[in-house]
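Every letter in the sequence shown is one number past the one before it in this note's numbering, and letter 185, counting from 1, is 171. Built from N, CA and C at the ideal position, the CB exists for glycine as well. Below: the structure, in structure tokens.
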Amino acid sequence: MYKLGIDVGGTKIKAILLDNKNKSVLVFNIATPKNKKAFLENLEREISKIIKNKNISGIGIGLPGTIDIKRGVLIKAKNLPYLKNWQVKKSFLKFNKNIKIENDSRCFLIAEAFLGAGRKYKNIVALTIGTGIGGGIMINGKIYYGKNYVAGEFGYTIIQDEKTLEQLGAKNAFLKYGDRSEIIGIGVANLINSFDPEVVILGGGGITNKGINLDVVKKTAKKYILFKNTPIVKTKLGENSQAIGAALL
């Protein structure tokens, strides 16, 4: 019996199958379409292929942006505006499977906390750097959501001249300005001073593709943090971590 985890990103849609021993295999990795019709058609086609050939117990979907977990709705996604108010669970009813949805960065946190770099910790801050910047917070082994389910939207942190961490440190900033490692280090320092976690775990394309220099991030963060003993580490599960976390839902 397998669990299917889908990671919907601004650039790619990736899916993995997770077996009962938590071993994973990548089953598709496609470009994210530019409109909702193509998006839904491509996703349905890929999922149908998998379900036809494998025994699937459930489907977990990691989504960018603000999620209403209870209603199963993607309220808004800055980098995928055509998915605003997408009724995710309704779209997946046709597959007749148990469906769970979650913010993609919290999926990353879940994967790393249970199977990756955070396994020995209960108080974790995760930061994902890619097309956008997001994150997640775990306190005493439980995900912290906040009143409106938006806790962990670290990309909106103001860093410099009223510009956000995402504007200064995500993919577009990297393409425009070059190395953004120092900016990410400043952002990490703010997170450590705010939450005093046991560990900060970094992931997303900026880390797995080595666009962000981890040594520079650590060096910069240590200039500003109150206590210097908080480990800053990269993902252990790599580029499939968000899809793995989605499957773990």
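{"Query": "Does the beta-carbon of Lys9 have 16 or more other beta-carbons within 10 angstroms, so that it is buried, or is it exposed?", "Result": "exposed"}
{"Query": "Quick one: what's Phe14 bridged to in DSSP?", "Result": "Ala1"}
{"Query": "Applying the 10 Å Cβ sphere with the 16-neighbour rule, what's the burial state of Asn89?", "Result": "buried"}
{"Query": "On a Cα-Cα basis, can you pick out the residue from Lys83, Pro50, Ser167 and Ile16 that is closest to Ile37?", "Result": "Lys83"}
{"Query": "Considering only their Cβ atoms, is the gap separating Pro50 from Val118 smaller than 8 Å?", "Result": "For the sequence presented, residue 118 should be read as Gly rather than Val. Closer than 8 Å, so yes."}
{"Query": "Grab the span of the alpha helix (DSSP H) containing Leu95 for me, first residue to last.", "Result": "Asp90 to Leu101"}
{"Query": "Under 8 Å between the Cβ atoms of Lys220 and Leu234?", "Result": "no"}
{"Query": "Enumerated in chain order, which unbroken segments of the alpha helix (DSSP H) with a length of 4 residues or greater are wholly contained in the stretch 102 to 139?", "Result": "none"}
{"Query": "What runs of the beta strand (DSSP E), each 3 residues or longer, lie entirely inside the stretch 128 to 200?", "Result": "144 to 146 and 185 to 189"}
{"Query": "Which class does Ile36 belong to by DSSP, given the choice of helix, strand or coil?", "Result": "helix"}
{"Query": "Cutting at 7 Å between CB atoms, please list the residues of its own chain near Ile125, excluding the five before and the five after it.", "Result": "Asn109"}
{"Query": "Would you please state the rounded distance, in angstroms, between the beta carbons of Ile230 and Val203? I believe it to be under 8 Å.", "Result": "About 23 Å; that fails the 8 Å criterion."}
{"Query": "Along the chain, where does the alpha helix (DSSP H) that runs through Leu(-10) open and close?", "Result": "It is not in any alpha helix (DSSP H) - Leu(-10) instead sits in the beta strand (DSSP E) that spans Tyr(-12) to Val(-6)."}
{"Query": "Rounded to the nearest angstrom, what separates Tyr(-12) and Asn39 at their Cα positions?", "Result": "11 Å"}
{"Query": "Judging by CA-CA distance, which residue of Tyr107, Pro217, Val(-6) and Ile53 is the nearest neighbour of Leu26?", "Result": "Val(-6)"}
{"Query": "With a CB to CB cut of under 7 Å and the five nearest residues on each side skipped, what residues in its chain are close to Lys272?", "Result": "Coverage of the chain is limited to positions -13 through 235, which leaves residue 272 absent and any answer about it impossible."}
{"Query": "If I measure Cβ to Cβ from Lys75 and keep anything under 6 Å in the same chain, skipping five residues before and after, which residues do I get?", "Result": "Gly58 and Ile85"}
{"Query": "Confirm, please, whether the CB-CB distance from Leu(-10) to Ile53 is below 8 Å.", "Result": "no"}
{"Query": "Just to confirm, is the Cβ distance from Asn226 to Lys0 under 8 Å?", "Result": "yes"}
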